Every structure is written in C-alpha cells, then in structure tokens.
Amino acid sequence: MEEIIQHLTPLVKEISGYIYPNEIEMHWSLLIVLYPYITGLVAGAFILASLVKVFNVKELQPVYRISLLTALAFMLVAPLPLQAHLGHPEKSFEIFLTPNVTSAMAMFGFVYMWYLMAVLQLEIWFDYRKDLILWARQEKGIRKWIHRFTSFFSNDISEKAIAFDEKAEKIITILGIPSAFLLHGYVGFIFGSVKANPWWSSVLMPIVFLFSAIVSGIALVLLIYMIVTPMRSKQVDMNCLDKLASFLFYAMIVDFSLEILDFIHRIYESEESIHILSELVSGKLFISLVVVQLLIGMIIPLGAIAVTKAFKAPAELKKLIYFTSAILVQVGIFSTRWNVVVGGQLFSKSFRGLTAYKMTFLGLEGLLVAIAILVLPLIILYVLFKLLPPWEEARMKIPVIQENINENN
Amino acid sequence: MKFKFNPDDLKSLVKKSFSSDNINKRRQSMKFFWKNLPEQIRRLSVVAVILFALPLVVRQLLIPTDFGKYGHYRASALDEIVSQEIHYAGRELCNECHDDVVEVKYNGYHKTLTCEVCHGPAFAHTEDDAIELEAPRKRSYCPTCHEYLPSRPSGFPQIISARHNSRKACIKCHDPHDPKPPETPRECKACHAEISYTKAVSKHVDIPCTRCHQTPEEHKIRPREVLPSKPHNREFCGSCHALDAESSEDIPRIDLFEHERRYNCWQCHYPHLPEAN
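If you read the sequences in order, they're chains G and W.
Just so we're aligned: the first sequence equals residues 1 to 409 in our numbering.
Just so we're aligned: the second sequence equals residues 1 to 277 in our numbering.
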C-alpha cells in the first residue's frame, strides 16, 4: 500500500482538470509502446524484402537477405514486451490451448505463429537451403552440424531443386505480403477497435499503422546496411542505397498523407472529444507529437531526402543525409507509437481532464527492461549474421563436378 | 439403360481392392509418389507433421478433460466453487426472523442495500444464534458512501464529515434502517453537495438556488417524486443577461434575438459554473 501511495502521490500533482479515480494509474505502459514498434519493424523489413522477389527491384538485392534476417530477429522478440507486461506470463500458453476465437487479442498468437512459421522462416529456409548445404560440405565441427540441421539434412542441389526453391520463395513472398499486412494491420486493429477511446477508435488506424511500419522497416534496414557494410571493410552499394532512400521517401509520403487525412477528418468531425484531444495535442503531447513525430520524424527527413534527390548531392553527403534521416525516422516512428499508446490513456473518459504517465526505471515494466528488449534483437541479428551470412559474396556457386554427379545420378 | 445396384458387385469390388496384390501395388505407387516429390517438400512435410502433431499432443495432455462441457471453462470449476465455504446468507434468510426490520428498510432509502453490507457475512449467524453480528457504530463507516466526492451523482446525500456534527456517531441522529434526515434539510446543499460546491466558486455564487428552481416544500420529503422546476425559456436568463436587462453593468450581455435562438441557454452554458464554457 505504502509503495502504491509513493508511486501515485507525485502523479496527483500532474493531473489537470477532472479525472475518474481509476484513471490515475495507466495500464498500458512503455512495453506496450514497444510492441507495435517492434512488430512494425518486422512487417516493414519483410515488405522491403518482397520488393526484390515479387516486384523484381534488382537494385535492392544486397539488402534482401539482411531485411529477411532483420525481420526474423525482431519477430522473435516481438512477443516479449507483451509477456513482460502480463501479471502471470507463465499462464500465457493457455491462450493457445483454449483460444477464445471471438477475442481479437487472443488471436495474436495465431497471427504471430502463422507469420513466423509459415512465412518468414519458410522463405528464409528456401532462400538459404542451397548455401546451407554447400557451407556444411566445407565446414567442420559445430558449424557444420548447425548448417546441416537448419537445412533439415537436405542435400539436393540439382538445377531442378534450385529452380523449385526460387519458385517456392516467390509464392511464399506473395503470400507473405498479405500476411505482413495482417500482422501489423492487426496491431492497428487492436487500437482502432476500442470504441470507447476517441483517440484510438478510427478505421484508418490499421492502415496508418501499416504504412508507418513500412517506413520504420525500410529505415531500419537502411541503417543496418550502412553500419554493417563499413564494419566489414566493404563499399556501400550507392545504387541500392539510393533505391532504399527512394522507397523510404515514397512510403513516408503515403504515411504522412494518411496521418494528415486522419487529423483533418477528426477536426472536421469535431466529436464531443475534440476539446480534450486538442488540449492533449497542444499540451502534454506537444513535444512528442508535433515536434518529434511530425517535425523531426517526418518533415525534416522528407525535406532532406527530397533536397538530396533534387540537387544530385555527392555520394558522401548523400550517405550522411540518408543515415541521419533514417535515425530521425526511427525516433519519429517510436514517438508515433508512444503518442498512440500513451496519448490514448492520458485523457479522462469524462473528457474533462488529463492524467499523467510516470515511467519507472526498474521493475518489469520499466525503462531498463524496455532497453533490454530493444537491444536483444540486435544481439540475435548479430548471431544470425554469423550463422547465416547475408552478404552477396557468401552466396555459394554450385561446383561443376557436383552438378555432373547429380546429373549422372 | 437404367443402373441397377447389385450387392454382389460391391462385394467383389471390396474383395478386389483389399487383395494383397492391390495393396502391394498401392504401396508401391505411394512410394513412387513420395520419392517423386521434391526433396524440400519431403523434408518440410516431416517438420510440418511434427509441428502439427506436437501441439495436438500437448493439447491432449494439458487441457482438462471436462473443459468445454458447458461453455468456455472447466465444468469441474463449478463444483469447486459450490464446495467453497458459504459466508453470506442473502436477504431472504434475514427476512425469515427479522421481518419487522426488513420491512422498515424496504420502504426507506436504503432499500437497495442488503443487510450484510453493514452487518457483515451472516451465514454462520443463521446456523447458530449464539454467533452475533456486529453493526458499525463508528463515524468512519457511513462516510464510505456519504463522504463528499465530486464524482458522486447529484442528489445523493453527501457530507463533509469533519464539519458535520463532528462529535456525534451517525446513528445518534439517523436510523440506518430508515435513514431520513432527523429534520427537513434547510439547505439544498445537504443533498446537492456537488452542485453547491461548484456554484460556490462560480460567478453565480450569490444567486440562491430557488431563484432558478421553483422548489415545492414536498421535494424535501419526497425528493424523487416531487421535482423542482428548471428555467424553461431564454428570457429567464435574459432578465440579467439581455442587452436591455436592468442589472449590474458587470454582467455579460447577449443579444437574445441573434444568439443561437433555437436553444435554451442551459443547453450550452452550465448555469452552476457558467465560466466553464
């Protein structure tokens, strides 16, 4: 009790207007901000990979495997913020045993499993299968066995088998696009379907979430590519980088338009909540929404990329601008998630007052856990890069002798 | 030609299909089919079968057998709940012995409260008279519901316990089974505390409630049946706020003919705190 009072007392000073007594404690905290942010990165990175396979954007070939592995690394971590947020995480498996099919939240596990098992891992498996076999043949010890096991002890590298891999990959990617839309559209749907909350309740929510996911995914892969390539003492492929920046720019234009459309729609509709929402936007959310999300995370990077493209800047300047813009975009999209999740809980359902959110540092829902959850996918990605090198030079060529042997067989 | 069903035909067909020759042939054709599948599909299908089979086994092991018998829960949970120790008796049981008190309460303002809200769990008392129930006699109990809180509904009797006869126990003046005020309230504030405190900080602080609400004496005795009136036309507010009203110059003016003629004033302006809009 003493602890609760100590936690709540400073919050009371932050309250403005009138709120209901149970609104002082916010239930969806920083971890629930991370959840849509991370799933967005997954969906965005996958959509980027699909540009290569389905839409045949050849320039993006160097980042194809990087984006798939990035999607996988973040996908593995995506349910962790939800787990840490639960009061009894050890009971969460029951949602799979006896799911309530009419609950959208209960369906997340199935959407997640479908995307992870049937789309992402399958596509990575088909893409890497040939290389896994050939790597295993050259390697010794534990690496050999890891690669043999991950290829499920497959050993057919005939032309026919490789053609089948490519065909399968294309079909999975085509299936994967609606699946990626489902995954992140679902996260938007969870918020958009909360009828009682005017900040969330909007049919545009899944679509806005989806496009912001694509923006954040492309920006993340661009960042990883630009950091990892010099670390490997290699040259960044400028054609690929330019193409990435172009797609980032197009996705941001669509995302920006949708957000503005949502904004205009709300103002024109002017429902009874408009007064408290305008108080929220001009007060407690001013820095994170207007300054960080719109100005720093959207308008500045949009302008910077547009100017770079228009004036044909030299390569080094381009790199600097793309890199800075991608970082700003990440900050902006994180802020978008913050503004949705935290913003939606800051105003009272009485529409007469605003409450406050005090982030804790320690504890299961604190800043430290959130940082750990954000760092974890980077560690997983490092391990994945070591085990499944996504670089073009790591792709193995089929030895001629091997081909002949297979033909003779 | 009409098709005629002959049971002998069916018998011979079944015999033929299950003859060892045919089974062997089928086995061989299955083998042929499996071998001709791409290697990837063969390996993935083994993994897929394991991945599908594993949850099915886990489900068999972990889901209680009686889950879903009546609904989306364990049927035996009902028996577990039923077997729990009973603490509360319910109002019917109280009525069996204390019908005189229950009847008084039933006609009073506390008719929706059950006896056990104040007297505590009574099942043990119904089994054994020697177990006596307690009645809260301290001043701290009644304010659980009747302490002034702005979120309580208007008309709900509320007090500020520090100011309200601070040395007396509530039951000295109020009978909890028929909690009428000991005397008719002189001020509206006794029941309409929220409005009163809101008005106290507004520009309308000096206007008495009865200026706008015609209140029959009967309202104080039967508050829900006999209601006070509300101003029903724009001219009422206009008597102070119209352009030609004979009132203090500090009072804000409005042109009643120009300003939102279709609405009554209080539909937009909250009269107990007019500066809020």
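All C-beta atoms, glycine included, are put in the ideal place defined by N, C-alpha and C.
The model shown is predicted, which means the values in this text are computed figures rather than measured ones.
field: Interface flag, Ser-103(G) vs chain W, CB-CB below 8 Å
entry: Taking the first residue of the first sequence as position 1, residue 103(G) is located at position 103. So no, Ser-103(G) is outside the interface.
- request: For Cys-173(W), I'd like the list of residues in its chain whose CB is within less than 6 Å of its CB, leaving aside the five on either flank, ordered along the chain.
  value: Here the question's residue 173(W) lines up with position 173 in the second sequence. Same-chain partners within the cutoff: Pro-182.
query: Closer than 8 Å, Cβ to any Cβ of chain G: which residues of the stretch 27–49 of chain W, in chain order?
result: Listed by position, the residues of the stretch 27–49 of chain W near chain G (Cβ gap below 8 Å) are Pro-38, Glu-39, Gln-40, Arg-43, Leu-44, Val-46 and Val-47.
3-residue-minimum beta strand (DSSP E) runs that sit fully inside the stretch 190–230 of chain G, ordered along the chain: Qualifying beta strand (DSSP E) stretches: none in this window.
query: Looking only at C-alpha atoms, which of Ile-146(G), Ala-161(G) and Ile-267(G) sits nearest to Leu-37(W)?
result: Taking the second sequence and counting its residues from 1, one reaches residue 37(W) at position 37. The residue with the shortest Cα to Cα distance from Leu-37(W) is Ala-161(G).
- prompt: Is it right to say Met-26(G) is buried, meaning 16 or more other beta carbons lie within 10 angstroms of its own, or is it exposed?
  reply: The residue labelled residue 26(G) in the question sits at position 26 within the first sequence. In the assembly as shown, Met-26(G) is a buried residue. Its beta-carbon has 16 or more other beta-carbons within 10 Å.
task: Give, in chain order, every residue of the stretch 139–155 of chain G whose Cβ lies closer than 9 Å to some Cβ of chain W.
output: The residues in question are Ser-151, Phe-152, Phe-153, Ser-154 and Asn-155.
field: Validate contact between the stretch 333–343 of chain G and the stretch 28–39 of chain G using beta carbons, cut 8 Å, 3 pairs
entry: The stretch 333–343 of chain G, when compared against the stretch 28–39 of chain G, does touch it at the 8 Å Cβ threshold.
- prompt: Relative to chain W, which residues along the stretch 320–351 of chain G have a C-beta separation below 8 Å, given in chain order?
  reply: When CB distances to chain W are screened at a threshold of 8 Å, not a single residue of the stretch 320–351 of chain G falls below it.
query: Shorter than 8 Å from the beta carbon of Lys-195(G) to some beta carbon of chain W?
result: On the first sequence, position 195 is the one that residue 195(G) refers to. So no, Lys-195(G) is outside the interface.
message: In this structure, how does DSSP classify Ser-348(G) when only helix, strand and coil are distinguished?
response: Taking the first residue of the first sequence as 1, we reach residue 348(G) at position 348. When DSSP states are grouped into helix, strand and coil, Ser-348(G) belongs to the coil group.
task: Using a Cβ cut-off of 8 Å (strictly closer), state whether Ile-63(W) contacts chain G.
output: As a position in the second sequence, residue 63(W) is number 63, starting the count at 1. Answer yes: the Cβ-Cβ gap between Ile-63(W) and chain G drops below 8 Å somewhere.
- request: Can you give me the Cβ contacts of Ser-16(G) inside the same chain, cut-off strictly under 7 Å, excluding the 5 residues immediately before and after it?
  value: Residue numbering aside, residue 16(G) sits at position 16 when the first sequence is read from its first letter. Cβ contact annotation for Ser-16(G) (same chain, cutoff 7 Å, sequence separation greater than five): Gly-353 and Leu-354, in chain order.
message: Measuring CB atoms only, is the stretch 40–52 of chain G touching the stretch 363–372 of chain G, in the sense that at least three cross pairs come out at less than 8 Å?
response: No, the stretch 40–52 of chain G is not in contact with the stretch 363–372 of chain G.
message: My assumption, with CB atoms under 8 Å, is that Ser-161(W) sits in contact with Arg-139(W). Please give the rounded CB distance.
response: In the second sequence, residue 161(W) corresponds to position 161, counting from 1. In the second sequence, residue 139(W) corresponds to position 139, counting from 1. Contact flag correct, Cβ pair sits at about 7 Å.
- prompt: Quick one: is Arg-65(G) buried, meaning 16 or more other Cβ sit within 10 Å of its Cβ, or exposed?
  reply: For the purposes of this step, residue 65(G) is identified with residue 65 of the first sequence, where counting begins at 1. That one is buried.
message: Can you pull the chain G neighbours of Phe-18(W), defined as C-beta to C-beta under 7 Å?
response: Stepping through the second sequence from its first residue, residue 18(W) is reached at position 18. Neighbours of Phe-18(W) on chain G: none; closest Cβ ~36 Å, over 7 Å.
- request: Could you tell me the distance, in whole angstroms, from the CA atom of Val-203(G) to the CA atom of Val-101(G)?
  value: As a first step, residue 203(G) must be located in the first sequence, where it is residue number 203. As a first step, residue 101(G) must be located in the first sequence, where it is residue number 101. Between the C-alpha atoms of Val-203(G) and Val-101(G) there is a straight-line separation of about 21 Å.
Check whether Pro-185(W) and Lys-230(W) have beta carbons under 8 Å apart: The residue labelled residue 185(W) in the question sits at position 185 within the second sequence. The residue labelled residue 230(W) in the question sits at position 230 within the second sequence. In this structure, Lys-230(W) does not lie closer than 8 Å to Pro-185(W) by Cβ.
- prompt: For Ser-16(G), which residues does DSSP report across the bridge?
  reply: Residue numbering aside, residue 16(G) sits at position 16 when the first sequence is read from its first letter. In the DSSP assignment, Ser-16(G) is bridged to Leu-354(G).
- prompt: chain W partners of Tyr-20(G), CB-CB under 7 Å?
  reply: Counted from its first residue, the first sequence places residue 20(G) at position 20. Within 7 Å Cβ-Cβ: Ser-151.
message: So Asp-416(G) contacts chain W; which residues on that side make the cut at Cβ distance below 8 Å?
response: Nothing can be reported for residue 416(G), as the shown portion of chain G is limited to 1 through 409.
field: Within chain G, the residues that Phe-156(W) reaches when beta carbons sit closer than 7 Å
entry: Numbered from its first residue, the second sequence carries residue 156(W) at position 156. Residues of chain G passing the Cβ test: none, with the nearest at roughly 16 Å.
- prompt: Does any C-beta atom of chain G lie closer than 8 Å to the C-beta of Arg-59(W)?
  reply: Within the second sequence, the letter at position 59 stands for residue 59(W). Closer than 8 Å to some Cβ of chain G, the Cβ of Arg-59(W) qualifies, so yes.
field: Which of helix, strand or coil DSSP assigns to Ile-159(W)
entry: Start at 1 with the first residue of the second sequence, and residue 159(W) comes out as number 159. Under the three-state reduction of DSSP, Ile-159(W) is assigned to strand.
message: For a minimum of 4 consecutive residues, which ranges assigned as the alpha helix (DSSP H) are wholly contained in the stretch 59–104 of chain W?
response: DSSP runs (the alpha helix (DSSP H)) wholly in the stretch 59–104 of chain W: 76–82 and 91–97.
message: For Ser-154(G) and Tyr-128(G), what's the separation of their Cα atoms in angstroms?
response: If you number the first sequence from 1, residue 154(G) lands on position 154. If you number the first sequence from 1, residue 128(G) lands on position 128. Each residue's alpha carbon lies about 11 Å from the other.
Candidates Val-33(G), Trp-28(G), Asp-237(G) and Ile-171(G): closest to Lys-53(G) by CA position: Counting from 1 along the first sequence, the entry for residue 53(G) is found at position 53. Of all alpha-carbon atoms in Val-33(G), Trp-28(G), Asp-237(G) and Ile-171(G), the one lying nearest the alpha-carbon of Lys-53(G) is that of Ile-171(G).
message: DSSP three-state label for Tyr-175(W), please.
response: By 1-based counting over the second sequence, the position of residue 175(W) is 175. The question names Tyr, yet the displayed sequence has Asp at residue 175(W). In the structure shown, the three-state DSSP call for Asp-175(W) is strand.
field: Spatially closest choice to His-72(W) from Ile-124(G), Ala-73(G), Leu-69(G) and Pro-99(G), by CA coordinates
entry: Locating residue 72(W) in the second sequence gives position 72, where the first residue counts as 1. Closest option to His-72(W), Cα to Cα, is Pro-99(G).
- prompt: In whole angstroms, what separates the C-alpha of Leu-277(G) from that of Leu-86(G)?
  reply: To locate residue 277(G), count along the first sequence from 1; it is residue 277. To locate residue 86(G), count along the first sequence from 1; it is residue 86. The alpha-carbon atoms of Leu-277(G) and Leu-86(G) are separated by roughly 29 Å.
- prompt: Between the stretch 61–76 of chain G and the stretch 12–25 of chain W, do at least 3 Cβ pairs fall closer than 8 Å?
  reply: The stretch 61–76 of chain G vs the stretch 12–25 of chain W: no contact.
message: Contact criterion: CB-CB distance below 8 Å. Does His-259(W) meet it with respect to chain G?
response: Within the second sequence, the letter at position 259 stands for residue 259(W). Judged by the 8 Å Cβ criterion, His-259(W) is not in contact with chain G.
- prompt: Going by alpha carbons, who is nearest to Ile-321(G) out of Ser-216(G), Gly-332(G), Ile-300(G) and Ile-333(G)?
  reply: Against the first sequence, residue 321(G) aligns to sequence position 321. Of the listed residues, the one whose Cα sits closest to Ile-321(G) is Ile-300(G).
- prompt: In chain G, which residues lie less than 8 Å from Phe-52(W) when you measure between Cβ atoms?
  reply: Here residue 52(W) refers to the residue found at position 52 when the second sequence is read from its first residue. Residues of chain G passing the Cβ test: none, with the nearest at roughly 10 Å.
task: Can you grab the Cα-Cα spacing for the pair Ser-247(W) / Ser-350(G), in whole Å?
output: In the second sequence, residue 247(W) corresponds to position 247, counting from 1. In the first sequence, residue 350(G) corresponds to position 350, counting from 1. When rounded, the distance between both Cα atoms is 36 Å.
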